[in-house]
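Everything on this sheet refers to the single structure shown next.
2 protein chains.
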Amino acid sequence: MSDLLERLRGRGWRMTAQRRVVAEVLDGEHVHLTADEVHARAVAKLPEISRATVYNTLGELVSLGEVLEVSTDKRAKRYDPNAHRPHHHLVCARCGAIRDVHPTGNPLADLPDTERFGFTVSDVEVTYRGVCPDCTGA
Amino acid sequence: MSDLLERLRGRGWRMTAQRRVVAEVLDGEHVHLTADEVHARAVAKLPEISRATVYNTLGELVSLGEVLEVSTDKRAKRYDPNAHRPHHHLVCARCGAIRDVHPTGNPLADLPDTERFGFTVSDVEVTYRGVCPDCTGA
DNA sequence: AAGTTGACTTAGACCTTGTCCAATGTAGGA
DNA sequence: TCCTACATTGGACAAGGTCTAAGTCAACTT
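Heads up: the protein sequence lines correspond to chains A and B, in order. Take the position in the first sequence, starting the count at 1, then add 79; the result is the number in this note's numbering. Take the position in the second sequence, starting the count at 1, then add 79; the result is the number in this note's numbering.
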């Protein structure tokens, strides 16, 4: 975690209490939080932090490549701190829980030139959908 | 298209002018429209149709499996009438344009049991991202 | 063909997620 | 320590979507 803060400082980030708190929240638990959840947890540590700052900071972390934005469902975007190891997602259709997964194979190679329509394809995102063990029982 | 209407009638759908219009819009052009775009086109054919009805009807078509919801970008959901042939999507990162694509290989088979965490995995969705020919020049 | 009824539609208020801005505060270099 | 450019704040705003109460009408019944 202090890794993350160090890295950010090295990139010219001005270190503020707010940014530190947001970084801590993301690092704290390896889950995929929505912006509002990040805000709620940040408020618990630093009551006067504002929503705008959380959005700003998340946006900056995303553009620095430290955090990934995941929009699996129609609702809020979620933020994935595990940006440094490529992975895909497994989403529960009932409760929205997300797990990181590592499929074999390379889907980028599975898209033939004839199916690229002149696009410069740079990235691929795979989302598996199903029902998680907790929801299967219900 | 009348296929679609027949199928829906057979499933107990009450046939109304509004639903017919929404179905026609989706069938008319093979593109991926947002709910608002569907509404705009529906209004052109039936001026008094309301936004709520369009949303309701789209939602019903989705749960009946006649239409797919695609949420590629953070903005509006898009609706894909091509629900009966499995396919994936290629999205332009600049302008948001979407194309249907058919990769080789089967990503579902690429997710080993050890990576399923007890989930009942039923579906996989692959989104390729890149820049389309129109936006590459700019 | 007319009556009946519950599904469908409507308009608009409301909610959620996210963005923007002007005023204010502050980290870190000089 | 002082300065100032960068960061934060709170509140207004916007877009996309949902909900509700009241009215309408498709299709079944007779």
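Built from N, CA and C at the ideal position, the CB exists for glycine as well.
Gly184 of chain B and Arg98 of chain A have their alpha carbons spaced roughly 43 Å apart. The segment 197 to 213 of chain A and the segment 204 to 213 of chain B touch, with no fewer than 3 CB-CB distances between them shorter than 8 Å. Residue A:Val110 holds the alpha-carbon nearest to the alpha-carbon of Arg178 of chain A among A:His163, A:Leu140, A:Val110, A:Val104. Val110 of chain B sits in coil when the DSSP states are folded into three classes, being neither helix nor strand.
When Cβ-Cβ separations below 7 Å define contact, Thr193 of chain B makes no contact with chain A. For Arg178 of chain B, at least one C-beta of chain A is nearer than 7 Å to its own C-beta. The beta carbon of His167 of chain B lies closer than 8 Å to those of Asp179, Val180, His181, Pro182, Glu204, Val205, Thr206, Tyr207 in the same chain, with the five residues before and after it left out.
Per DSSP, the unbroken beta strand (DSSP E) holding Thr206 of chain B starts and ends at 199 to 210. Val170 of chain B: member of the beta strand (DSSP E) spanning 167 to 171, first to last residue.
Using a Cβ-Cβ cut-off of 7 Å, Pro126 of chain A does not count as an interface residue toward chain B, since no Cβ of chain B sits closer than that to its own. Chain-order list of chain B residues neighbouring Glu108 of chain A: empty, with the shortest C-beta distance near 17 Å, by a criterion of under 8 Å. Per DSSP, the unbroken beta strand (DSSP E) holding Val149 of chain A starts and ends at 147 to 149. By the Cβ rule, the segment 100 to 116 of chain B counts as touching the segment 156 to 176 of chain B, because three or more pairs are nearer than 8 Å. Cα atoms of Glu194 of chain B and Thr151 of chain B: separation of roughly 24 Å, rounded to the nearest angstrom. Take Leu125 of chain B, set aside five residues on each side of it, and the residues of its chain with a beta-carbon closer than 7 Å to its own are Ala96, Gln97, Val100, in chain order. According to DSSP, Val180 of chain B shares a beta bridge with B:His167. Its chain contains His118 as the residues whose beta carbon lies nearer than 7 Å to that of Arg130 of chain B, once the 5 sequence neighbours on both sides are disregarded; these appear in chain order.
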